[in-house]
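Residue numbers (our numbering): 793 to 907.
This is the structure:
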């Protein structure tokens, strides 16, 4: 079986922590994303942008991870925004109604500007 190319990295954009995700977010990779979100909140960072531009596929485990992250930041009056223009991922967010739960932007710059 080939290695799964999945990368999660964090960086600061002003008051925001941007979590860049690349690869497929599924039951095998979602725990890595969850760990990064928990770590970020534990560090006292409650303004998070999850950049999904490099994500080609997301299953229900990935969606659950995002919802869990949102609940965590909301406990601290925080914000969790998504950056996504991938049709398959946007479709999953739309079908599940999560496009009405998360602020979704086309670029990190837009998400930062929206505050």
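All C-beta atoms in this analysis are idealised placements derived from N, C-alpha and C, irrespective of residue type, glycine included.
Exercise. What three-state label does DSSP hand residue 864 in the structure shown?
Worked result: In the structure shown, residue 864 sits in a helix (DSSP, three-state: H, G or I).
Exercise. Starting from residue 825 and walking both ways along the alpha helix (DSSP H), at which residues does that stretch end?
Worked result: Segment 822–834, the alpha helix (DSSP H) holding residue 825.
Exercise. When the Cα atoms are used, what is the spatial distance from residue 812 to residue 846?
Worked result: Roughly 8 Å separates the two Cα atoms.
Problem set entry | Bounding residues of the beta strand (DSSP E) (the contiguous stretch that carries residue 869) | Premise fails: residue 869 is in no beta strand (DSSP E) and is neither H nor E.
Exercise. Between which two residues does the alpha helix (DSSP H) carrying residue 883 extend?
Worked result: Residues 879–887.
Problem set entry | Identity of the residues DSSP links to residue 846 by a beta bridge | For residue 846, which the question treats as bridged, DSSP gives the partners 814.
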